[in-house]
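Okay, so here's the structure we're looking at.
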Amino acid sequence: MTDFTTIKNIEDQFQVATYKKMNIAVERGRGSWIWTSNGEKYLDLYGGHAVCATGHSHPRVVNAIKEQAERVLFYSNLVYSEIRGRVAEKLVSVAPNRLTKAFFCNSGTEANENAMRMARMATGREKIVTFSGSFHGRTADAISATFLGRYRELGRPNVPGHVSAEFGDIESVRSVINDHTAAIMLEPIQSMAGVREADPTFFRELRTLCDDHGIILIFDEVQTGIGRTGNWFFAGSDLADNVEPDIITLAKSLGSGVPVGACLVNENIASHIKENDLGTTFGGGMLAMAAVLATLEAIEQDQMIANARNVESFLRDSLIGKSGIRDILGKGCLLGIEFDGKASEVHAKLLAQQIITGTSSDPSVLRLLPPLCVATDELSHLISALYE
Ligand SMILES: Cc1ncc(COP(=O)(O)O)c(C=O)c1O
Numbered sequence: 002m003t004d005f006t007t008i009k010n011i012e013d014q015f016q017v018a019t020y021k022k023m024n025i026a027v028e029r030g031r032g033s034w035i036w037t038s039n040g041e042k043y044l045d046l047y048g049g050h051a052v053c054a055t056g057h058s059h060p061r062v063v064n065a066i067k068e069q070a071e072r073v074l075f076y077s078n079l080v081y082s083e084i085r086g087r088v089a090e091k092l093v094s095v096a097p098n099r100l101t102k103a104f105f106c107n108s109g110t111e112a113n114e115n116a117m118r119m120a121r122m123a124t125g126r127e128k129i130v131t132f133s134g135s136f137h138g139r140t141a142d143a144i145s146a147t148f149l150g151r152y153r154e155l156g157r158p159n160v161p162g163h164v165s166a167e168f169g170d171i172e173s174v175r176s177v178i179n180d181h182t183a184a185i186m187l188e189p190i191q192s193m194a195g196v197r198e199a200d201p202t203f204f205r206e207l208r209t210l211c212d213d214h215g216i217i218l219i220f221d222e223v224q225t226g227i228g229r230t231g232n233w234f235f236a237g238s239d240l241a242d243n244v245e246p247d248i249i250t251l252a253k254s255l256g257s258g259v260p261v262g263a264c265l266v267n268e269n270i271a272s273h274i275k276e277n278d279l280g281t282t283f284g285g286g287m288l289a290m291a292a293v294l295a296t297l298e299a300i301e302q303d304q305m306i307a308n309a310r311n312v313e314s315f316l317r318d319s320l321i322g323k324s325g326i327r328d329i330l331g332k333g334c335l336l337g338i339e340f341d342g343k344a345s346e347v348h349a350k351l352l353a354q355q356i357i358t359g360t361s362s363d364p365s366v367l368r369l370l371p372p373l374c375v376a377t378d379e380l381s382h383l384i385s386a387l388y389e
């Protein structure tokens, strides 16, 4: 087995240094665990960056990918494909009622770009409202819709027509919309900003505002979607006061690690999209579709959505009121632990004890985005480490 230093040196020499990496190299993974090049075992409560919802290398997903690869790896949307149709049907069947059609792409940022474009096509307007603390991706339009920290500056010159409102504050939204507003787009829980939540009434007020002014409502569920909050989607659940948006965007968990994104849209939006208006070569490719179908089936088969709710109750019961912990934020398997001190120090100490967690833009909030199948006895490792 190649030693860690050799692996690190090669990456550092030949890859552009864009991420602050943990000093481990992943060799293999199973469920909530990964094994490193040094043969050490780590509990992954960051789920491979909020991606591995079904756990690392879930057998159902692995087998589906293998079988599909043997049959045919890829053909684009120029041909029909049984698996693509079945995935679209399955996604629509678990989505809120209004959302009846799928568009497939390859990542979260691409899903958001296409969602904004569809909103502009459907309304004939250009302006997009997003929120303080929002993160929607790094391609030109999505980064221009991102108002968290300095990300937006990295995308200069920004795409025109983007404005921000205060997350959770309907009066602030009212003050920035006008006859040119095509869409309001939001993460229903702002994960990177530090697991910031809004009151359910905010979603109801947004829906009413959009209906009154002919504005498209987009939920960016790249992190909250596919069971993570203890519901298939945040949209349509009691967390959103049952509000259904016009578009939901998805990526991360959707393919258990195989790159894939999607927009789920209502009939009105779909009716405005004509041949050749949107597209991407790889969107809806067979390998990705096999991964999505197996992901959705594994979540159902292993009752992971109910488990995501258990995870939240278990961690709340175990940690609320404990010394040094101010609050537990978020829902299901998208949680933030708010500390009196610096989350980055807790993150480093947990890593030294072979537990992977995530930080956020809020220095006091540690993020947990574990696989939806993480068991309470696995979480007990975290609890003991935190008590220490
Ligand atoms: C809420 C949200 N939207 C969009 C994105 C962008 O997704 P991707 O990195 O797949 O482009 C992210 C990525 O972290 C995200 O958290």
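For the sequence shown, our numbering begins at 2 and goes up steadily by one. Every residue, glycine too, gets a C-beta built ideally from N, C-alpha and C. Quantities reported herein were computed from a predicted structural model and do not represent experimental measurements.
Find the nearest neighbour of isoleucine 384 within the set Ser365, Gly48, Val312 and Leu373, judged by alpha-carbon distance.
-> Ranking Ser365, Gly48, Val312 and Leu373 by Cα distance to isoleucine 384 puts Val312 first.
How about the segment 346 to 366 and the segment 6 to 16: do they share at least three Cβ pairs that are nearer than 8 angstroms?
-> no
Following the continuous alpha helix (DSSP H) through methionine 287, name the residue where it begins and the one where it ends.
-> 287 to 302
C-beta atoms of glycine 231 and isoleucine 321 nearer than 8 angstroms = The Cβ atoms of glycine 231 and isoleucine 321 do not sit closer than 8 angstroms to each other.
Unbroken beta strand (DSSP E) runs of length 3 or more, entirely within the segment 345 to 379: which are they?
-> 366 to 369
Unbroken beta strand (DSSP E) runs of length 3 or more, entirely within the segment 167 to 241: which are they?
-> 182 to 187 and 217 to 221
Answer yes or no: do leucine 149 and serine 319 have a C-beta to C-beta separation smaller than 8 angstroms?
-> no
Same chain, Cβ closer than 7 angstroms to alanine 141, five either side skipped, listed in chain order = Gly156 and Val160
Quick one: what's got a C-beta closer than 8 angstroms to proline 364's C-beta in the same chain, skipping five residues either side?
-> Around proline 364: Lys343, Ala344 and Ser345.
State the beta-bridge partners of phenylalanine 132 as determined by DSSP.
-> Ala166
C-alpha distance - serine 145 paired with isoleucine 270, whole-angstrom precision | 22 angstroms
Inside the segment 40 to 81 only - alpha helix (DSSP H) runs reaching at least 4 residues = 48 to 51 and 60 to 72
Would a C-beta distance cut-off of 8 angstroms place asparagine 243 and arginine 99 closer than the cut-off?
-> For asparagine 243 and arginine 99, no; Cβs fall outside 8 angstroms.
Quick one: grab the DSSP three-state call for phenylalanine 283.
-> coil
C-alpha distance - glutamine 69 paired with valine 174, whole-angstrom precision = 46 angstroms
Excluding five sequence neighbours on each side, which residues of the same chain lie with their C-beta closer than 8 angstroms to the C-beta of arginine 31?
-> Gly56, His57 and Ser58
Using 8 angstroms as the threshold, is the segment 280 to 289 in touch with the segment 128 to 143, meaning 3 or more CB pairs across them?
-> no
First and last residue of the beta strand (DSSP E) that includes phenylalanine 104?
-> Membership of phenylalanine 104 in the beta strand (DSSP E) is indicated by the continuous run 100 to 106.
What span of residues does the beta strand (DSSP E) with alanine 146 cover, start to end?
-> For alanine 146, there is no enclosing beta strand (DSSP E), since its DSSP letter is neither H nor E.
With burial defined as no fewer than 16 other Cβ atoms inside 10 Å of the residue's Cβ, what is the status of asparagine 39: buried or exposed?
-> exposed
DSSP on threonine 124, reduced to helix/strand/coil?
-> helix
State the start and end residues of the unbroken alpha helix (DSSP H) segment that holds isoleucine 8.
-> 5 to 15
Report the rounded CA-to-CA distance for serine 135 versus histidine 163, giving the unit in angstroms.
-> In a straight line, the C-alpha of serine 135 is about 12 angstroms away from that of histidine 163.
Would you kindly report the start and end of the unbroken beta strand (DSSP E) that includes glutamate 268?
-> Not the beta strand (DSSP E): glutamate 268 falls in the alpha helix (DSSP H), residues 268 to 273.
Quick one: what does DSSP say isoleucine 25 is sitting in, helix, strand or coil?
-> coil
For glycine 138, verify whether its CB is less than 7 angstroms away from any heavy atom of ligand 1.
-> yes
From alanine 309 to isoleucine 248, what distance separates their C-alpha atoms?
-> 24 angstroms
Cβ-based neighbour list, isoleucine 84, same chain, cut-off 8 angstroms, excluding 5 preceding and 5 following | Gln69, Met287, Met290, Ala291 and Leu294
Would a C-beta distance cut-off of 8 angstroms place glycine 228 and leucine 373 closer than the cut-off?
-> Yes, the pair counts as a contact, with Cβ atoms nearer than the cut-off.
Is there contact here, the segment 210 to 221 with the segment 174 to 188, by at least three beta-carbon pairs under 8 angstroms?
-> yes
Exposure label - alanine 18; buried when at least 16 CB within 10 Å = exposed
Tryptophan 233 and valine 95 closer than 8 angstroms at C-beta = Cβ atoms of tryptophan 233 and valine 95: closer than 8 angstroms.
Just mark serine 50 as buried or exposed, buried being the case when its beta carbon has 16 or more other beta carbons within 10 Å.
-> It is histidine, not serine, that sits at residue 50 in the sequence shown. Exposed, by the Cβ-count rule.
Taking the Cβ atom as the reference point for each residue, do leucine 261 and alanine 252 lie within a distance shorter than 8 angstroms?
-> The sequence given here places valine at residue 261; leucine does not occur at that position. For valine 261 and alanine 252, yes; Cβs fall inside 8 angstroms.
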